[in-house]
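The block underneath contains the structure these notes are about, expressed in structure tokens.
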Amino acid sequence: MPRRSFDKAFKIAAVKLVTEEGFSVKEVSLQLEVHANSLYRWVQ
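In our numbering, the protein residues as written are 795 to 838.
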């Protein structure tokens with residue numbers, strides 16, 4: 795199974811959901827089907 799890659803715009807949108815919209819990392823990761831650890835790295 796190949797590794798998934800996400801473009802910069804997708805990452806920025808996901809981070810904004812956490813930092814500006816107030817959603818938790820867990821909520822966003824489940825909604826977008828992205829591993830929570832990946833999302834935590836993007837937020838940093």
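Just so it is clear, CB atoms sit at the ideal spot from N, CA and C, and this is done for glycine as well.
- By the neighbour-count criterion, in which 16 or more other beta carbons inside 10 Å mark a residue as buried, Ser799 falls on the exposed side.
- Val837 and Leu826 have their alpha carbons spaced roughly 15 Å apart.
- Annotation for Val837: the continuous alpha helix (DSSP H) segment containing it runs 830-837.
- Ranked by Cα distance from Arg835, the first of Gly816, Glu821, Lys805, Leu811 is Lys805.
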